[in-house]
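Have a look at the structure below before the remarks.
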Amino acid sequence: MKKYGVTLKKSLGQNFLSNETFAEKIVQLSEIEKTDTVLEIGAGAGTLTVALAQTGATIFAIEIDERMRPILQERLLTYENVHLIFSDFLALDTSFLPDGYKCVSNIPYYITAPILKKLLFTNFKFLTIMMQKEVGERLLEKPGSSNRGFLTVVLQTVANVQKVLTVPKSAFVPNPDVDSVVLKMTRKEQLPFSDNYELESYWNLVSNAFSQKRKTIYNNLKTFIDDKQKIEEILLKAGVQPNERPEGLTEEQFVALWREWKRI
Numbered sequence: 058m059k060k061y062g063v064t065l066k067k068s069l070g071q072n073f074l075s076n077e078t079f080a081e082k083i084v085q086l087s088e089i090e091k092t093d094t095v096l097e098i099g100a101g102a103g104t105l106t107v108a109l110a111q112t113g114a115t116i117f118a119i120e121i122d123e124r125m126r127p128i129l130q131e132r133l134l135t136y137e138n139v140h141l142i143f144s145d146f147l148a149l150d151t152s153f154l155p156d157g158y159k160c161v162s163n164i165p166y167y168i169t170a171p172i173l174k175k176l177l178f179t180n181f182k183f184l185t186i187m188m189q190k191e192v193g194e195r196l197l198e199k200p201g202s203s204n205r206g207f208l209t210v211v212l213q214t215v216a217n218v219q220k221v222l223t224v225p226k227s228a229f230v231p232n233p234d235v236d237s238v239v240l241k242m243t244r245k246e247q248l249p250f251s252d253n254y255e256l257e258s259y260w261n262l263v264s265n266a267f268s269q270k271r272k273t274i275y276n277n278l279k280t281f282i283d284d285k286q287k288i289e290e291i292l293l294k295a296g297v298q299p300n301e302r303p304e305g306l307t308e309e310q311f312v313a314l315w316r317e318w319k320r321i
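Residue numbering for the sequence shown is 58 to 321, as defined by the working numbering.
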């Protein structure tokens with residue numbers, strides 16, 4: 058980076074993976090084949106991008122910081138299978154991604170949730186995402202955990218989620234304050250949603266249900282359904298007790314709630 062006069066910006070969450078061994082391990086765990094299309098969000102200085110490029114798959118590497126262009130172009134000069142896109146991923150039209158693509162990324166930790174939401178609305182095969190350890194562990198929480206939130210529920214509705222690797226903070230430049238984990242999220246074959254419109258409505262229901270975690274599911278539903286009788290009917294037909302708290306419900310119970318909510 059010094060060679061190019063680049064100073065990393067905290068505002069962009071720039072903690073670049075610099076350890077090639079960990080980069081190679083992440084790619085190995087991602088089971089990339091030469092025929093795959095792979096999305097990388099946050100190419101940074103290219104350590105993970107190079108490891109991905111070596112698989113021979115078609116790589117779309119997204120980077121928001123134009124200052125990384127000469128670094129990435131130099132490191133990837135011999136890889137014709139890599140397509141660099143300098144853009145904010147959250148503003149990027151992702152229609153170029155084919156169904157069944159794979160995502161392997163070390164994402165900026167401060168925008169983990171918006172990135173995951175956007176990815177969930179695409180037809181991925183699986184996502185291998187490195188994130189802050191605390192955030193990753195919350196996404197693995199099961200019903201009953203006080204750390205379980207709405208993003209955990211939606212993610213576990215759409216995908217099977219597992220932790221595949223812990224990466225120490227020493228593997229990054231500059232060193233972040235905490236260690237990281239790599240989660241692999243494999244899209245479920247059968248989903249309750251027929252399209253993204255339905256997924257969006259499910260997202261809205263679950264997020265509203267978690268609007269105040271200390272309140273019961275009944276009280277949280279009152280914040281966006283103004284008919285108490287309808288709420289009672291929805292809960293009854295979904296088999297959910299009114300005094301349950303949102304973090305105690307399973308994905309199946311939330312899907313049942315959503316299906317009944319759609320009918321009102």
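Note that the Cβ used here is the ideal one computed from N, Cα and C, for glycine as well.
What are the boundary residues of the beta strand (DSSP E) that residue i is part of?
i              : result
glutamate 120  : 115-120
lysine 241     : 237-244
asparagine 217 : 216-224
glutamate 97   : 94-98
serine 162     : 158-163
glutamate 185  : Just to set this straight, residue 185 is threonine in the shown sequence, not glutamate. First-last of the beta strand (DSSP E) with threonine 185: 181-189.
Between which residues of its own chain and residue i is the CB-CB distance below 7 Å, once the five residues before and five after are set aside?
i             : result
serine 68     : The predicted model places serine 68 with a pLDDT of 48, which falls under 50 and marks its position as unreliable, so this point remains unresolved.
proline 155   : Thr94
asparagine 72 : Phe229, Pro231 and Pro233
aspartate 145 : Ile121
arginine 244  : Phe181, Lys182, Phe183, Val215 and Ala216
Could you pull out every residue in the same chain whose Cβ sits closer than 8 Å to the Cβ of residue i, ignoring the five residues on either side in sequence?
i            : result
arginine 316 : Pro249 and Ala295
tyrosine 61  : In this predicted model, tyrosine 61 has a pLDDT of only 48, less than 50, meaning its place in the structure is not dependable; the value taken from the coordinates is given anyway. Here the set comprises Arg124, Pro127 and Ile128.
Tell whether a beta-carbon distance below 9 Å holds between residue i and residue j.
i                 : j             : result
leucine 197       : lysine 174    : no
phenylalanine 117 : leucine 147   : no
threonine 223     : valine 235    : no
leucine 74        : alanine 80    : yes
valine 221        : leucine 240   : yes
tyrosine 275      : glutamate 290 : no
Exposed or buried, which one is residue i when buried takes at least 16 other CB atoms within 10 Å?
i             : result
glutamate 120 : buried
tyrosine 166  : buried
lysine 159    : buried
alanine 266   : buried
alanine 100   : buried
Could you please give the first and the last residue of the uninterrupted alpha helix (DSSP H) stretch that includes residue i?
i                 : result
leucine 37        : The displayed coordinates of the chain run from 58 to 321. Any statement about residue 37 would go beyond what the structure contains.
tyrosine 167      : Segment: none, tyrosine 167 is in no alpha helix (DSSP H) and carries neither H nor E.
glutamine 286     : 285-295
phenylalanine 311 : 308-320
asparagine 76     : Note, asparagine 76: premise wrong, no alpha helix (DSSP H); not H, not E.
leucine 278       : 274-278
alanine 266       : 253-266
Spatial neighbours of residue i within its chain, please: C-beta separation below 6 Å, excluding the five flanking residues on both sides.
i                 : result
threonine 214     : Glu308
phenylalanine 178 : Asn253
On the premise that residue j lies in contact with residue i, defined as a C-beta separation below 8 Å, what is that separation, rounded to the nearest angstrom?
i             : j             : result
serine 264    : threonine 280 : With 8 Å as the limit, serine 264 and threonine 280 do not qualify as a contact, their Cβ atoms being about 11 Å apart.
serine 202    : glutamate 77  : Their Cβ separation, rounded to whole angstroms, is 35 Å, which puts serine 202 and glutamate 77 out of contact at 8 Å.
isoleucine 98 : threonine 185 : In fact, because the Cβ distance is near 11 Å, the residues do not count as touching under 8 Å.
Can you find a heavy atom of the ligand FMN that lies under 8 Å from the Cβ of residue i?
i            : result
arginine 271 : As for the ligand FMN, it is missing from this structure, which has no ligand bound.
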